[in-house]
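Presented below is the structure to which this report refers.
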Amino acid sequence: MTAQTATPIATAPSQPHSTQRRAAQRRKRLRNLGFFALLAGPNIALLLIFVYRPLLLSFYYSMLQWNMGSSVARFIGFENYIRWFTDPDTPQVMGTTAIFAVTTVGGSLVLGLGLALLLNKKIFGRGIARTVAFAPYVLSGIAVGMLWLYIFDPRYGLLSTLLKAIGLSSPQWYTTSPWALIMIIIVYLWKHVGYVALIYLAGLQGVPQDLHDAAALDGAGKTRTFWSIVLPLLGPVTFFLLITTILSSLQSFDLIKAMTDGGPLGSTTTLMYQIYVEGFQTGRAGFASAAATILFVILLVITAIQLKFMERKVHYA
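In terms of the numbering used here, the numbers along the sequence shown are unbroken and rise by one, the last being 620.
Structure below.
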């Protein structure tokens, strides 16, 4: 009975302290919220203005029958999407897009890893070799395309001269299919492999030397060490490169514009280039916006699938 009557008397003075503590926590949360808004607010505003607003506008334009430069637009719902899916050129465009993406992504990863392994060795002039390997990536795509047009020239180009030296004739790279697409894939790989190699090189240098020493003590050769230790540890790097190279490949435009302009007969027209042609050459802005929205959905789905299924197989150290 004594203890029951003493409890309220003992807890009564703690109520003001509890109120003060909650008030202090509330002020701390407000300060943190204000600090977050100060730091992240400008970035969020820029994203809303320059990323999400154009995205929503593009989706709105895809619902219109509107030609570029015209002041007249008519709302037609999803009719532009229906036209795109039933267009006779769509299968060829999507086939070209898929071939270009698979070959450039796979080639970039394989060649980039091989180049990184070579540049990771202690060879003479390694620093210069790394710079030379990465240099093409920072060049303008238009400039690279114009340069390689001279190299692929079937009459006077460097490649034609080399082929003639070994008794072969040069294909008509510009005007025949599939040589035009092969030509663009080669140039794309030349331009982007240095970037992939640089990222892989950073990953290789992050592999602890202790693991190499332990593998050597166990009698493992270089090939076994690479497949069993180095390659699994490069999983996060490979995962990152896979996502970024797919996004880059599907949005490639400058090389196609500079080298083939989508020809011959549309054999190098990818979905990204079709958006440009429909929007700025034929003037069908509504149809081009529908194609742009479809490309966005494809990129979103590919990224979501990779994040959901492939990241589970990546082992982080």
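Note that the Cβ used here is the ideal one computed from N, Cα and C, for glycine as well.
Test item: CB-CB of LEU544 and LEU442 under 8 angstroms: By one-based count along the sequence shown, residue 544 stands at place 241. By one-based count along the sequence shown, residue 442 stands at place 139. No. Outside cutoff.
Alpha helix (DSSP H) runs wholly inside the stretch 561-616, at least 4 long, in chain order: 574-579 and 588-608
Three-pair Cβ contact test at 8 angstroms for the stretch 381-397 versus the stretch 453-472: no
Cβ-heavy atom distance, TRP369 to the ligand FAD, below 7 angstroms: By its list of ligands, the structure shown contains no ligand whatsoever, and the ligand FAD lies outside what it can speak to.
Where the alpha helix (DSSP H) containing ARG433 begins and where it ends: Your numbering for residue 433 matches position 130 in the sequence shown. First-last of the alpha helix (DSSP H) with ARG433: 429-441.
Straight-line gap, ARG377 to LEU465 (C-alpha atoms, nearest Å): Reading the sequence shown from its first residue, position 74 is the one you call residue 377. Reading the sequence shown from its first residue, position 162 is the one you call residue 465. Whole-angstrom Cα-Cα distance: 57 angstroms.
Sufficient close CB pairs (3 or more, under 8 angstroms) joining the stretch 568-578 to the stretch 483-496: yes
Every unbroken alpha helix (DSSP H) inside the stretch 309-392 [4 residues or more]: 317-350, 356-364 and 382-389
Coarse secondary structure for PRO457, derived from DSSP in three states: Within the sequence shown, residue 457 is the residue found at index 154, counting from 1. It is coil, neither helix nor strand.
Reduced DSSP category for GLY398 - H, G, I as helix; E, B as strand; rest coil: By 1-based counting over the sequence shown, the position of residue 398 is 95. Here GLY398 sits in helix by DSSP.
Coil, strand or helix - ALA523 by DSSP: Locating residue 523 in the sequence shown gives position 220, where the first residue counts as 1. ALA523: coil per DSSP, three-state reduction.
LYS525 burial status per 10 Å Cβ neighbour count (16 or more: buried): Taking the sequence shown and counting its residues from 1, one reaches residue 525 at position 222. Exposed.
Sequence-distant residues of the same chain with beta carbon closer than 6 angstroms to MET368, five excluded per side: What you label residue 368 is simply residue 65 of the sequence shown in a count that begins at 1. The sequence shown places Gln at residue 368, not Met. Excluding positions up to five away in sequence, the list reads ARG377, ILE379 and GLY589.
Rounded C-alpha distance that separates THR389 from THR541: Along the sequence shown, read from residue 1 onward, the residue named residue 389 stands at position 86. Along the sequence shown, read from residue 1 onward, the residue named residue 541 stands at position 238. Distance between the alpha carbons of THR389 and THR541 is about 37 angstroms.
Under the three-state DSSP convention, the category TRP476 falls into: Position 173 of the sequence shown, counted from the start, is the residue given in the question as residue 476. DSSP places TRP476 in coil when its eight states are reduced to three.
Counted within 10 angstroms of its Cβ, other Cβ atoms place LEU534 as buried (16 or more) or exposed: Mapped onto the sequence shown, residue 534 falls at position 231. That one is exposed.
Test item: CB-CB of ASP557 and ILE445 under 8 angstroms: Mapped onto the sequence shown, residue 557 falls at position 254. Mapped onto the sequence shown, residue 445 falls at position 142. In this structure, ILE445 lies closer than 8 angstroms to ASP557 by Cβ.
Straight-line Cα distance separating PHE437 from ILE454: Your numbering for residue 454 matches position 151 in the sequence shown. Your numbering for residue 437 matches position 134 in the sequence shown. Cα to Cα, the separation comes out at about 20 angstroms.
For TYR364 and THR406, the rounded distance between their alpha carbons: Taking the first residue of the sequence shown as 1, we reach residue 406 at position 103. Taking the first residue of the sequence shown as 1, we reach residue 364 at position 61. In a straight line, the C-alpha of THR406 is about 33 angstroms away from that of TYR364.
Within 8 angstroms, strictly: CB atoms of GLY582 and ALA593: One-based indexing of the sequence shown puts residue 582 at position 279. One-based indexing of the sequence shown puts residue 593 at position 290. No, Cβ-Cβ distance for GLY582 and ALA593 is not below 8 angstroms.
Sequence-distant residues of the same chain with beta carbon closer than 7 angstroms to ARG262, five excluded per side: No answer is possible for residue 262: it lies beyond the span of the chain, which begins at 304 and ends at 620.
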